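Notes follow once the structure below has been shown.
Numbering (the UniProt record's numbering), first residue to last: 1 to 458.
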């Protein structure tokens, strides 16, 4: 039968349904793989009691199928609540804090039959695209041990790449489903904003920068998990319909028009070799019959950055405000979180309104862009995976990075206006990926392009 942990999620689920494998078989193998791989890579944290997990797997074998993920082990990013498990967020402030209930996305995976085995590592509060924190330490790159796994869904990407799980969830504000996918040779999807529900607490209207999403080792499995996770919830506004795309992926994409945006007209500094690798990757779309055109930037990069940093800091100032106001707790905050709060609290109403207007202007410009193209493509990062001991790169291509997140500026055109985007991995001596972004609501279109990429490159 071979190593079934290396199978696709679809094939593994088919074997479970057909009785070729039991959930207990899969769980036993999963725990053995984690025991062998995780000490080096540190992708899985807060692993549950193996005896309890095996009991749950045996119970799944004896029960009727709950849904499409019945008996499948899955680990949840350590920013999302799983009832009865700790949600540390990588912070000493929350280490060991037990969630009373599962949040919507997690509950949907559990209702579909998934068995949550533990959490996947993340940067402290998910801030920054390098997965390290003072609670669990750093996650090693799956392909280049000793280097960063990216982030903030770095633990999820590495768990997938090292075959500890076949599906993983993540979240993405500033490339957190895309950068780690590219750096670890897997696929990540940031869905259209509103496709997946968030936790229903707090403000429901003002902040639209982050979304949950799926990760997998191929686009068909991405679509499977997206179908489970997605759909509106009556407690939340702006919900989009459930997305079941697994059976609509394998189509001919010849004739689709791709806009190649490279380094946004020189606005995004790139480490040597990144742009050349991405350019070679983009040429593969021509092998699929796509029409690829290198175009000038459709919007001013400085305006995008202004809008992003203002709206992000405004959100973070609200999110961490109560902690910041307590001097003892503030001392335990990541310095970057303190910086975000102080920047956000210094903003005026006029500055926030200007940022929102710039975001609206970019949405209108993107709408015009998608009248001419089916997708635009950018690299998933501006540099190669860097040493795991770093906190973040201070310089790229001779340009000093003036903030902790400037080195990931290449992801904000997608994030700022909530576009659907699939990150695909490129083959090479050093890992890198491409972002395939489509118009709002066209999650199927970017998945189809990702599936065509997978067929060609795998």
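The beta-carbon is built from N, C-alpha and C at its ideal position, and this holds for glycine as well. Note that the coordinates shown come from a computational prediction; the quantities given were computed from them, not determined experimentally.
Query                                                                                                         : Result
Given 8 Å, three or more beta-carbon pairs between the region 66-79 and the region 96-115                     : yes
Start-to-end residues for the beta strand (DSSP E) that takes in residue 120                                  : 115-120
Within 9 Å, strictly: CB atoms of residue 209 and residue 237                                                 : no
Same chain, Cβ closer than 8 Å to residue 396, neighbours up to 5 away in sequence not counted                : 269, 270, 271, 382, 383 and 407
Proximity to residue 375 [Cα-Cα], best of 241, 330 and 422                                                    : 422
Inter-residue Cα distance where the pair is residue 316 and residue 401                                       : 20 Å
Spatial distance of residue 256 from residue 447 (CA atoms)                                                   : 13 Å
Separation of residue 119 from residue 53, as counted between CA atoms                                        : 14 Å
The beta strand (DSSP E) enclosing residue 211, as first and last residue numbers                             : 211-216
Extent of the continuous alpha helix (DSSP H) to which residue 435 belongs                                    : No alpha helix (DSSP H) contains residue 435, which is instead part of the beta strand (DSSP E) from 432-437.
Inter-residue CB distance, residue 182 and residue 438 (contact presumed, cutoff 8 Å)                         : Not quite, the Cβ-Cβ distance comes to about 18 Å (not below 8 Å), so this is no contact.
Residue from 62, 284, 314 and 354 whose Cα sits closest to the Cα of residue 304                              : 354
Proximity winner among 23, 453 and 69, relative to residue 283 (alpha-carbon distances)                       : 453
DSSP-derived helix/strand/coil call for residue 73                                                            : strand
Proximity of residue 128 and residue 392 at Cβ, strictly below 9 Å                                            : yes
3 or more residues per run - each beta strand (DSSP E) lying fully within the region 233-320                  : 257-260 and 291-294
Straight-line Cα distance separating residue 143 from residue 429                                             : 10 Å
Proximity to residue 114 [Cα-Cα], best of 240, 131, 124 and 67                                                : 67
Alpha helix (DSSP H) segment containing residue 370, residue limits                                           : 349-372
Local Cβ density within 10 Å of residue 178, reported as buried at 16 or more and exposed below that          : buried
Unbroken alpha helix (DSSP H) run spanning residue 167, endpoints                                             : It is not in any alpha helix (DSSP H) - residue 167 instead sits in the beta strand (DSSP E) that spans 167-172.
Assigned exposure category for residue 91 - 16 Cβ within 10 Å defines buried                                  : buried
Check whether residue 26 and residue 112 have beta carbons under 9 Å apart                                    : no
Beta-carbon spacing of residue 221, residue 70 below 9 Å                                                      : no
Assigned secondary structure, residue 189 (DSSP; H/G/I helix, E/B strand, else coil)                          : strand
Alpha-carbon spacing of residue 386 relative to residue 140, whole angstroms                                  : 11 Å
Contact under 9 Å by Cβ, residue 160 with residue 217                                                         : yes
Which listed residue (276, 233, 289 and 412) has its alpha carbon closest to that of residue 299              : 412
Which of helix, strand or coil DSSP assigns to residue 4                                                      : helix
Where residue 140 sits in the DSSP three-state scheme                                                         : strand
Completely contained alpha helix (DSSP H) runs for the region 23-49, where each covers 4 or more residues     : 23-41
Classification of residue 98 by the beta-carbon crowding that lies within 10 angstroms, buried from 16 upward : exposed
Span of the beta strand (DSSP E), counted from its first residue to its last, around residue 379              : 375-379
Alpha-carbon to alpha-carbon, residue 274 and residue 199                                                     : 36 Å
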